[in-house]
Each structure stands twice: as structure tokens, then as C-alpha cells.
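Residue numbers (our numbering), protein chains in the order written: chain A, 111 to 895; chain B, -6 to 345.
For each residue, glycine too, the CB sits at the ideal point set by N, CA and C.
All figures in this text were calculated on a predicted structure; none of them were measured in a lab.
Single-structure report; data block below.
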Amino acid sequence: MRKTWDIPGGVHPPENKSQSLQQPLGEVGLPAELVLPLNQHIGAAAEPVVAVGDHVLAGQQIAAAIGLVSAPVHASTSGHIVAIEERPIPHPSGMQDLCIVLRPDGKDRWIELEPCENYTQLSHAALLEKIRAAGIAGMGGAGFPTAVKLNPRANYDIDTLIINGTECEPYITADDILMQTSPAEVIAGTRLLAYLLNQPKQVLIGIEDNKPDAIAALERAVAELNDDDCRIEICTFPTKYPSGGEKQLIQILTGREVPSGELPAAVGVISQNVGTAVAAWRAVRYGEPLLSRITTVVGTALATQRNVRVRLGTPIEHVLTQHGFDPQRCPRLVMGGPMMGFTLPSAQVPVIKTTNCILAPSREELPPPPPAQACIRCGLCAEACPASLLPQQLYWYARAEDYERLTAHSLTDCIECGACAYVCPSNIPLVQYYRAAKGTIRQMEIEKEKSDRSRQRFEFRKERVARAEAEKEAKREARKKAAAVAKKKLAAAQAGAQQDSRPSGKQQSGAQPHEGLAGDRQTGAQPDMVAAAMARVQEKQLAPQQQREKLQRAIASAESRLQKAQQRHVEASAEHQGKMQARVREAEVRLADARQKLAALDTATPAPAENADPVAAAIARAQAKMALSPTEKLQGNLTSLQKRLATAREKLAAAEAEGSDTAAALATGVAKLEEKIATVQTELNAAPAQVPGPAAATKTAATDAAAVAIEKAKTRAAAQADMSAEEKLQKQLDSLQHRLQKARLRLEQAEADNDAHIDALRSGVEKLEAKLAQTRAQLEDTASP
Amino acid sequence: MALMRITSPHAHSPGDTGDVMRQVIFATIPGLIALSYFFGPGSLMNVIMASFTAVVCEAAVMKLRRRPIAFYLNDYSAVVTGVLLGLALPPYCPWWIVAVGTASAILVAKHLYGGMGYNPFNPAMVGYVVVLISFPVEMTQWAAPRTALTEGQSLLGPLAALQTIWLDAAIDGYTGATPLDVFKQNNSQLVQHLYATEPVFASGRWAGAGWEWANIGFLLGGAYLLYRRIFTWHAPVATLTVLIVLSTLFYDGGSSTSGGSPLLHLLSGGTMLGAFFIVTDPVTSAVSNRGRLIYGAGVGALIYIIRTWGNYPDAVAFAVLLMNFAAPFIDYYTLPRTYGHEKPRRATETEE
């Protein structure tokens, strides 16, 4: 016997369960008309997918689920759609809502069902989809879409599945008879749900001890399974209302309390009604959508009281007339039990997925409530409350409309079980006060959120306007300064151009004007350029930390630029729109670029913790180097140099393709590297012979080798310089194609992810394409003569 | 026929406020019998007069407030107030004391504050204190128990009793001090001597003839109400426990300055009537069980303190009224821990 916990409070209303258990499970025939509300569950209403006049088959989907928390609706028999209109629906408010009205053709022809012999072969997603498509929503009364509940968020660690067969409400025996008549299906459904939840540690079926037949039937079914892996435990506990409430049952079976405002999944529990488990099982095993359910038809205003299997959409009136209903004796009709059920506005409303009971009590059975007397704060309600609230205080504050005190007294934790109102000697409709107060509080919260948002909007706007003003001012200043500087520069440049007008023949043969310019500068200020290149290289070799910081700074600046551009874009008048848009795009591209680089850096460099002590690492490296033999050292040198050369070349190619100013400098850098490599190589060649010899010899050899390398580099540089324009263009073209390919790939990915930078990427690709076309044309031009 | 539209729950437990009140009245019977046996029909007459006055006052107020009179009288709350006050007043006290006390209870303590359920102070105790302060001489005279009567005297018959009450006829020799009063006025006598010399103690067993049985009677009635779950055990048990603890602590075995034995405190004066019929008044006590423990303990402590070191020989009324003051404050700090919450809240905490 499993340990169970007691819940605080609770009441023992007369059970009244035997009336409906005297007869076996019955059937209700086809009514003249089936009314299928589009919203029979918690969540968004389904949307009709049939039109008036359509002929549908049983099991055919007639309304599709909209959004995640929703459930489709199916035709519960074959027939014609005669109307899609507002009808009274079973709802506590007595409101009307959109329903699909189906006139049965009497043939009850079904659609082709898709059975599944072994569900373990299907993926979880496929199984959930089957359950979702079958339109199954919690059949205990709340009607939460089952597939959603079975797919808890990944951060919840579900260790317990509870199947709720408690049925603590008086009168109702629908779950009881289901467990008695199809225990095997209950167990099969339980195992299916356990499988879907990755076999939680405990699988519990909770039943109150007033259902000995159901308990015996389930225990037999578990025994018949003869499966040692089956961990289903049938848990019984003393009858007390409201043990069947989800939170209460969790407390009874696990001792855990669901934290206020959270889902049961937060304490690792998923609970489902037995009816839901069976419906899910049938949906998976036989492909059967939810078309009918077991409902208890009970009350002394009926001649026959029993449980029936009834098609969804069947008007209550049709069910009642088949049970000898005497409307004269029945002042109220209740859907659900006498504790939490709601009165129906008329008998025309249909049976829906959550209808577990139709109660037609006579006046003597459930007399009209006497007028409420004053609350004497006797505290019987507080003793009955399963949530340990103080109903008498809640009532007091609800009447005073003191919503702060109501919140402080945890009104939101009230489960509206009605135990307090049941025991109240003053006959105060306490739950009604709580519902009304809850509604008001919800309304107030929505309004508060709204006003908060508009206040925020207003504040943001004020701030933005102020910022824009300040920026404008700053820009004006900057422009003034820039103009002055530009003037000065222009003068200097003119002077410089006069000095440096000597053309450099070799370089100017290049097709691009930039090349010429670069060449000019190269000849004029070569040492500077080399120094600059060296500086850049050094910079590249800076600690990754610094690089990251730099990139982050770049990102920040790019972001602010983007923001500014966007803002200006918004503010700009229509004529400047185009220009501004381009600026926004550019900023976006830059930002994306910087982000990418940062990401690359992040992946390339080890975690900061690892290179926490770069000095130590450097020392270690140096020591390792010292330990190496000269040959090895040289070899290492060589590889590292080659690597650097490769990257330098790549960069050079890219720069050339882009027509960047730095191309020339990079070319020099490459040449230098090649030179060095040559030196090292000769050194290496010489090394084997020299290893035992004195260091001086190596040095001489190195000097010689260097001379050789210099020669070699010179020739190579000459060759490169001599490279025909065509070759250069070809190279450029190749690189462009490569880049374009890359860019397209990224664009595709962005489109797939619905990235925010799509536009920027697209414009980038377009630009590249344009450039490519241009280069191609150039190449053809150069090739043709 | 239009169907009824009402919200859940549709089922209701049998019993209403009138039932609760009738149970309370019923539960006073053992105590009333004991009082009548030992002190004659005075208490019964008090009860009848007080109940009558209470009902008349209640009806008058309902008429003034244009409420359905029968409906409100039907909750028996006025009768309960009258009965409890009648039990607390000295037997054979003049009729106008009963009338003034009851009218103060119903009109001032109950209806001026909003009527049933809204009164911050226990009406019966307010009525008692009003007459105690206004007419101290009459209020401190209590009939002598039948076992303490002198030779040749017998308990007053109904006729003599009516005469006493209505005509204010002198009944010297029939009244005296209560045991608590006697104990308080004790001058340099050991408790043992006091018990032996004072007739009210000498003819009794533990705490004064008649008084002890009346208290036992109210204890029985209280146990019955507990059994019927009319109230929870928290407040009365806390009251009695604190009273026992304090009286044990300060009982020095019976010196002349002794505070009185636990038995004296438990079974004398209005202890049991207070603990089971006054302290448990739901309207004016704390609402949560934890709060009721504190409330009850406070009443117990105050009873002992006022009895032993205060000016009044009995102190139930003052102790209860003082704790009535404190009840909202106690409520503020004693909200129960609600399902799904780590710890209890304060009554004004909207955030956790």
C-alpha cells in the first residue's frame, strides 16, 4: 500500500453515486441535429473547415485547431452541415457561441481510420500529433488540450504521471463506469501517456476508496498484463471532497504542493483524467478522433438514472427525454456535479468534450438556496478550505472591494471547489463572490498593464526626442569642424600631388585606378606603409581578449549607428527614405559582419579561463622552443611562416578584389613573408650538415641563404607584378564568386531562420552580384583585344 | 419554465446559523441547571428576562432599519447574547440591571457597529461591563449557595425571587461575596484556613460551593459544542492552558499571598462560561487557528493577571474585551500558509 497524504479541509457531502450505477452503460441514439461548438476546450476556438451544405463523415475534421493551445472538432456522425451559427453553449455565463450544426443522415458512415499496432515505433512528435489531431482535451472537466499538456517545457523534469480516477464530486460516476467497463484501455492509455513522458519514475492511478469495483477491475487489468516492467500503481485513499482537484490529488499522492501560479509540471507531475487517457489511447491505437464520451445522467427528475455513451454535440434535451425527464419537477439543470457544475440556460445546449454529468435534480433533492444571512465568521469555511485560505476574510474583503487585501489573502489560490459555500451556515454564496472578485482583479491587471505600457511609450518618446535634438546639435558642430579639416587637407593634398606626380609604370598597368593610386603611395611612402602593415600584423597577434574587446566595441558602435540610422530613417521625410534605407542597410551589414567576426573569434580562441595567464603560456612556449633542436626549430618556424603567408595571400587577394587601398601594403607584406620563408628554407636545408657544427657556420649559411632568398623573392615579386591584367581579373573573379556563394548561403540560412538581417544580407548579395558582373565584363574587355 | 441560474455549489450541508445558535443555547443547559440547583431560580429568571429584552431590542432595531424582523430573529443570535449575559449576571439582581445590560449589549455593542457579524466586541461582555461599572454594589452581590445557608434558611422560591427582582426587596443574608471575591479580600490567612472558615469554601469541594459545579456544567456544554464542531478547540484550550500554567506558577502552596490554586481559577467565577461560550465567539475572536491560539492564550493570561493583581475579583469580561481589541492585530500576523506558498503571508502583503 502506497503512502498517501491528507489534504487540509475538505467536506463529505452525500455521495449520491449509487443511483447512476444501478444500470449498465447505455447508449443514446442519434438526435435530429448535432450542435458542435467550436470551443469545447481551454484555448483558442477552432476554425470551421467545412461550409454549410457539405456532407461529412463521422470522424471527419470539421473545424481546425488555431494556434498551439487549441483542439480541432470532428463530425460525430455522418450527415450534412446545415448551419454554422451562434447557439447557446454549455458555459457558466450562458452565452452563445459559434457552433457547427450537423444533420445526421442516419447512416453513421465513418472516414477511413488509421490504426497503429505498435506506437513505440512512432516518434513522440508523431504520437502527440495524433492526439492533437484527434481533438482530445481534458475530459475531467477543465478541457485543457491534452497534447499540449503532454509536451511539457524541457526545463521541467517530469518524474510522476498521475491518472486521475478520483471523481470526488457527488453524483458523477462516468469515470467509475469507464474504469469498470474498460480497465484494459485505461491501463493501455496510462502506459501510452507514460511512454510519451519518457517513462516517469512513478505512474499512479489515483482512485477514492468509494469505488471498490473500479479499483478491483484496474488491479485485475494490471495483473493480466503480466508485465514486470509495468510500474503502474493503483493508489486508493479515503473519500473526501475535493480530493480529485488536480492540485489536491498531487498533494495526496506525492505530498508535493504545486507552487502558487505554477503548473503541476513545476513539481515534476503531469496529471490526466482516466477518460482522457482512454481517448488518447484510442486516438493512437485506432486513429479514432474524440467523437463521444461517457456522461452520467442523474437526478430525481429523471425516470432512468445511468451512465451513457453519448455523441458530442447531442442536445441535452435529447438525452433527457430518453431518460424520462419531468421538466415540472426540475427547477434547474446542472452540467457537472453539484459542487462545481454550472446551471444551463436551456436544455438545448449540447454535450461537449467536458460534459461528465448532466444533473436534473428535483426541487426536494437540491432545494433553491435560502437567502444569505450575515457572516458570523464561524470559521467552518476555513476548516473546509483545501487550500488553507480564510474564506470568511476573503468574503469580507470581496464585499468591501478591497482588492489589495484579497490579493494578500491569496484569493488567486482559490480553486473554487465550493467546500466553503457548502458548509456556510449563513448560506452565503462565497464562491460567487470570489469569482466576481477574481474577474475584477484580472480586469484591473490588464488595465494596469495597458497603462504601464502607454506610460513607457510616452517616456521613451520623450527621451528619444531629446536625444535626437542633442544629436543634431552635435552633428552641426562636427560638420563645422570636418569642413575646416577637409579644407586644410585639400590644400595639403594639392601640394602633395604636385610633388608626387611621377608615375610608376609597372603598377599603373593595372586595370583599376586604385592600383595606380596605391602604387603612387607605395613608391612615395613605402617605409611608412610597411610599418603600418607590421603594426597591423602585431595588432592581429594581440591577445584574443583585446581583439574581442575591440570587436565588441565595433559591434556596439555599429549597433548605435544602426539605431541612429533606423531612427533617422523613421524620421526622414519621404524623399530621403531611399537614402536613409540604404544607410540603415549598410549599418546592418556592418553590424552583422562585426558580430560574425566576434563569433568566429569566440570559437577560435580557447575559453578565457584557459589562457588566463598568457605570460606563463608564452614562457612555456618559449621554453619548449628552446628545447627543440635547431632543425626542429627551423621546421616549426617554416610551418608557421607558411601559414602566415597563406593567410596573407588570402587577404591580399581579397583586398585586390575589393580594390582596397591596403592591397599594395599587403602585397609588400606577402613579398616579405615569402622572402623570410625562403631564408628559413635554405637554412633548414643547410641545417642537417651544420647541426653538430658551431653556430657561426649556421649564421654564415643563413646569410648566404638569405641572399639566395632575396634573389628568389625579387624574381617572384617581379613575376607577380608582371602578372597580366587578365590573370589578375581572373583571380579577382574567382574570389568574388567564392564570396558570392558564401553570401548566398548565409542569406538562405537567414531566410530559413527569419533573421532580422535578411534585408541587409540580400542587399549584400545583390551588391556582390553586381560587382561580379562588372568584373566579368572587365575580364572580357581585357581578354578580347 | 425558465430554469434557475445560480452558481455552484448547488448542494448545501444541512444546518444554518440558527442551528449553530440553538446548539450554543442548548449547550448552556448543564451550567444553568447547576446554577439553579445551588443558587435557586435567579439565574433562570435572568436568562429569561435578558433573552426577552434582547429579542425586543433586536426587533426594534430591525424595524428601524427596515429589515425583515422574523428573518433576522430567526438566527437566534440575540437570544444567545441574552442567555449568556443572563448567566453572567448575579442571580436576583434587580430587573433594571438585566434590562440595561442587555439593551447595551444589543443596541450599542451589536447594532451600532453594523449588526450581526460586524461587532468588534462581544455584546454580552460589553453589556456585563456596562452594568458592572455602573452598578458595582448590585453586581458584586451573589446569592449564597444552598449548602452555605445558615440554619433555618432555604433557597428563595419563585415568588420570593420575583419579589426580590421586581420590588427590590431586601434579602440580607441571602447574598454575599463570590469565592473569588472572598479569596481576594483574604487578609493574612493561609489558604487552608480560608477554605475552612469561609462557608462558601467550607461547604464546597474545590472552588466554592455551587461555583465548581456550575463551571463543570459549562465545561460539559463546551465539550458538547466541540464535539458538534461548532467551534475549534484552539481558543478555549489555549485560554485554560495559560490559566493553569500561570496559576500553577504563582501558587505557592497556600500562603496568605497566594494567587490561588489552579483548581480555584478553573472552577470558580466565569472561567468555563468564558472559555467555551465567550472566547469562542467567532465574530469577535481571531479568524485563523493560529490566531485563535494566541487570542485564547491572551484571554487566559489577562484573566489571571486581573484576578490576581487587579481590582476586580473576576476578569473574564475585561480579558475578553481587551483581546477583542487585539484580534485584528493578531489576524494580521497569523494568516495560515496557503497551498502552494512557502510561508504564510501578512494580511497586507501583496507581493511575496
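Practice task
Could you work out which residues of chain A lie near residue 9 of chain B, taking near to mean beta carbons separated by less than 8 angstroms?
Solution key: As a position in the second sequence, residue 9 of chain B is number 16, starting the count at 1. The answer, in chain order, is 480, 483, 535, 536 and 537.
Handout entry: Beta-carbon gap between residue 4 of chain B and residue 280 of chain A smaller than 8 angstroms
Key = By 1-based counting over the second sequence, the position of residue 4 of chain B is 11. By 1-based counting over the first sequence, the position of residue 280 of chain A is 170. Yes; because the gap between Cβ atoms is below 8 angstroms, this pair is in contact.
Exercise for the section: Determine the chain B residues that contact residue 510 of chain A at a beta-carbon separation under 7 angstroms, and present them in chain order. Expected result: As a working note, residue 510 of chain A is residue 400 in the first sequence. Neighbours of residue 510 of chain A on chain B: none; closest Cβ ~11 angstroms, over 7 angstroms.
Handout entry: Sub-8 angstroms separation of residue 189 of chain B and residue 140 of chain B beta-carbons
Key = Reading the second sequence from its first residue, position 196 is the one you call residue 189 of chain B. Reading the second sequence from its first residue, position 147 is the one you call residue 140 of chain B. No, the pair does not count as a contact, with Cβ atoms beyond the cut-off.
Handout entry: Beta carbon proximity, residue 220 of chain B to chain A, threshold 8 angstroms
Key = As a first step, residue 220 of chain B must be located in the second sequence, where it is residue number 227. False, the Cβ-Cβ gap to chain A never drops below 8 angstroms.
Problem - Whole-angstrom distance between residue 696 of chain A and residue 579 of chain A, CA atom to CA atom - result: Reading the first sequence from its first residue, position 469 is the one you call residue 579 of chain A. Reading the first sequence from its first residue, position 586 is the one you call residue 696 of chain A. Rounded to the nearest angstrom, the two C-alpha atoms are 24 angstroms apart.
Practice task
Return the first residue and the last residue of the beta strand (DSSP E) that residue 381 of chain A is part of.
Solution key: For the purposes of this step, residue 381 of chain A is taken as the residue at position 271 of the first sequence. Looking at the DSSP string, the run of the beta strand (DSSP E) that includes residue 381 of chain A is 379 to 383.
Problem - Partners in chain B for residue 452 of chain A, counting only beta-carbon separations shorter than 8 angstroms - result: Translated into the one-based positions of the first sequence, residue 452 of chain A becomes position 342. Those within 8 angstroms of residue 452 of chain A in chain B are 0 and 1.
Exercise for the section: Out of A/698, A/605 and A/664, state which residue places its alpha-carbon closest to the alpha-carbon of residue 672 of chain A. Expected result: On the first sequence, residue 672 of chain A is found 562 positions in, with the first residue counted as 1. The option with the nearest alpha carbon to residue 672 of chain A is A/698.
Exercise for the section: Give the secondary structure of residue 718 of chain A by DSSP, where H, G and I count as helix, E and B as strand, and everything else as coil. Expected result: Looking up residue 718 of chain A in the first sequence gives position 608. The predicted position of residue 718 of chain A is uncertain, since its pLDDT is 44 and thus under 50; a value taken from the coordinates is nonetheless stated next. The answer is coil: DSSP assigns residue 718 of chain A none of H, G, I, E or B.
Practice task
Using a Cβ cut-off of 8 angstroms (strictly closer), state whether residue 108 of chain B contacts chain A.
Solution key: Numbered from its first residue, the second sequence carries residue 108 of chain B at position 115. It does; some Cβ of chain A falls within 8 angstroms.
Exercise for the section: Grab the span of the beta strand (DSSP E) containing residue 174 of chain A for me, first residue to last. Expected result: As a position in the first sequence, residue 174 of chain A is number 64, starting the count at 1. Start and end: 171 to 174.
Practice task
Output the distance between the C-alpha atoms of residue 173 of chain A and residue 159 of chain A, rounded to the nearest integer angstrom.
Solution key: Sequence index remark: in the first sequence, residue 173 of chain A carries index 63 (1-based). Sequence index remark: in the first sequence, residue 159 of chain A carries index 49 (1-based). Distance between the alpha carbons of residue 173 of chain A and residue 159 of chain A is about 5 angstroms.
Practice task
Quick one: give me the first and last residue of the beta strand (DSSP E) that residue 403 of chain A is part of.
Solution key: As a working note, residue 403 of chain A is residue 293 in the first sequence. Taken as a continuous stretch (DSSP letters only), the beta strand (DSSP E) holding residue 403 of chain A covers 402 to 408.
Practice task
Below 6 angstroms CB to CB, which residues in the same chain sit around residue 620 of chain A once its five sequence neighbours on both sides are set aside?
Solution key: Along the first sequence, one-based indexing puts residue 620 of chain A at 510. Low local confidence applies: a pLDDT of 43 at residue 620 of chain A is under 50, so the model's placement there is unreliable, with the coordinate-based value given in what follows. If we look at residue 620 of chain A and ignore the five residues flanking it on each side, it has no Cβ neighbours.
Exercise for the section: Give the straight-line distance between the Cα atoms of residue 717 of chain A and residue 280 of chain B, rounded to the nearest whole angstrom. Expected result: Here residue 717 of chain A refers to the residue found at position 607 when the first sequence is read from its first residue. Here residue 280 of chain B refers to the residue found at position 287 when the second sequence is read from its first residue. Because the pLDDT at residue 717 of chain A is just 45, under 50, the model does not fix this residue reliably, and the value given afterwards should be weighed accordingly. In a straight line, the C-alpha of residue 717 of chain A is about 60 angstroms away from that of residue 280 of chain B.
Problem - Residue-chain proximity (residue 492 of chain A, chain B), Cβ-Cβ < 8 angstroms - result: Residue 492 of chain A sits at position 382 when you count from the first residue of the first sequence. Closer than 8 angstroms to some Cβ of chain B, the Cβ of residue 492 of chain A qualifies, so yes.
Handout entry: Touch test, the segment 126 to 135 of chain A against the segment 346 to 363 of chain A, Cβ-Cβ under 8 angstroms, three pairs minimum
Key = no
Practice task
Starting from the beta carbon of residue 532 of chain A, find every residue of chain B whose beta carbon is closer than 7 angstroms, and list them in chain order.
Solution key: On the first sequence, residue 532 of chain A is found 422 positions in, with the first residue counted as 1. Residues of chain B passing the Cβ test: 2, 4, 5 and 6.
Handout entry: residue 358 of chain A - containing alpha helix (DSSP H), residue span
Key = The sequence position of residue 358 of chain A within the first sequence is 248, counting from 1. Looking at the DSSP string, the run of the alpha helix (DSSP H) that includes residue 358 of chain A is 356 to 364.
Exercise for the section: Indicate whether at least one CB of chain A lies closer than 8 angstroms to the CB of residue 229 of chain B. Expected result: Numbered from its first residue, the second sequence carries residue 229 of chain B at position 236. False, the Cβ-Cβ gap to chain A never drops below 8 angstroms.
Problem - Buried versus exposed call for residue 258 of chain B [16 or more other C-beta atoms within 10 Å across all chains shown] - result: In the second sequence, the residue the question calls residue 258 of chain B occupies position 265. Buried is the call here.
Handout entry: Counted within 10 angstroms of its Cβ, other Cβ atoms place residue 861 of chain A as buried (16 or more) or exposed
Key = Numbered from its first residue, the first sequence carries residue 861 of chain A at position 751. Under this definition residue 861 of chain A is an exposed residue.
Exercise for the section: Measure the Cβ-Cβ separation of residue 317 of chain B and residue 113 of chain B and say whether it is below 8 angstroms. Expected result: Here residue 317 of chain B is taken as the residue at index 324 of the second sequence, counted from 1. Here residue 113 of chain B is taken as the residue at index 120 of the second sequence, counted from 1. Contact: yes.
Exercise for the section: Would you be able to state if there are at least three C-beta pairs under 8 angstroms between the segment 407 to 421 of chain A and the segment 326 to 335 of chain A? Expected result: no
Practice task
Measure how close the beta-carbons of residue 169 of chain A and residue 185 of chain A come, nearest whole angstrom, since I'm counting them as under 8 angstroms.
Solution key: Within the first sequence, the letter at position 59 stands for residue 169 of chain A. Within the first sequence, the letter at position 75 stands for residue 185 of chain A. Right, the Cβ-Cβ distance comes to about 7 angstroms (below 8 angstroms), so this counts as a contact.
Handout entry: Where residue 561 of chain A falls: helix, strand or coil (DSSP)
Key = Stepping through the first sequence from its first residue, residue 561 of chain A is reached at position 451. Residue state, collapsed to three classes: helix.
Handout entry: One or two residues paired with residue 426 of chain B in a DSSP bridge
Key = Nothing in the structure corresponds to residue 426 of chain B, since chain B is present only between -6 and 345.
Handout entry: DSSP three-state assignment for residue 418 of chain A, whether helix, strand or coil
Key = Residue mapping note: residue 418 of chain A aligns to position 308 of the first sequence, counting from 1. If DSSP states are grouped into helix, strand and coil, residue 418 of chain A belongs with the strands.
Practice task
Look up residue 293 of chain A in the DSSP assignment and say whether it is helix, strand or coil.
Solution key: The sequence position of residue 293 of chain A within the first sequence is 183, counting from 1. Helix, per DSSP.
Practice task
Starting from the Cα of residue 439 of chain A, find the closest Cα among A/846, A/150, A/407 and A/474 and give me that residue.
Solution key: Here residue 439 of chain A is taken as the residue at index 329 of the first sequence, counted from 1. That would be A/474, whose Cα lies nearest to the Cα of residue 439 of chain A.
Problem - Interface partners of residue 357 of chain A on chain B, CB under 8 angstroms - result: Reading the first sequence from its first residue, position 247 is the one you call residue 357 of chain A. Residues of chain B passing the Cβ test: 332 and 333.
Exercise for the section: Assign residue 348 of chain A to one of two classes, buried (16 or more other C-beta atoms within 10 Å of its C-beta) or exposed (fewer than that). Expected result: Working through the first sequence from its first residue, we reach residue 348 of chain A at position 238. Answer is exposed; the Cβ neighbour count stays below 16.
Practice task
Can you give me, in chain order, the residues of the segment 266 to 297 of chain B that have a beta carbon less than 7 angstroms from any beta carbon in chain A?
Solution key: 275, 276, 280 and 281
Practice task
Just mark residue 341 of chain B as buried or exposed, buried being the case when its beta carbon has 16 or more other beta carbons within 10 Å.
Solution key: Looking up residue 341 of chain B in the second sequence gives position 348. Exposed, because fewer than 16 other Cβ atoms sit within 10 Å of the Cβ of residue 341 of chain B.
Handout entry: Alpha carbon of residue -4 of chain B to alpha carbon of residue 202 of chain A, nearest angstrom
Key = The residue you call residue -4 of chain B lines up with position 3 of the second sequence. The residue you call residue 202 of chain A lines up with position 92 of the first sequence. About 13 angstroms.
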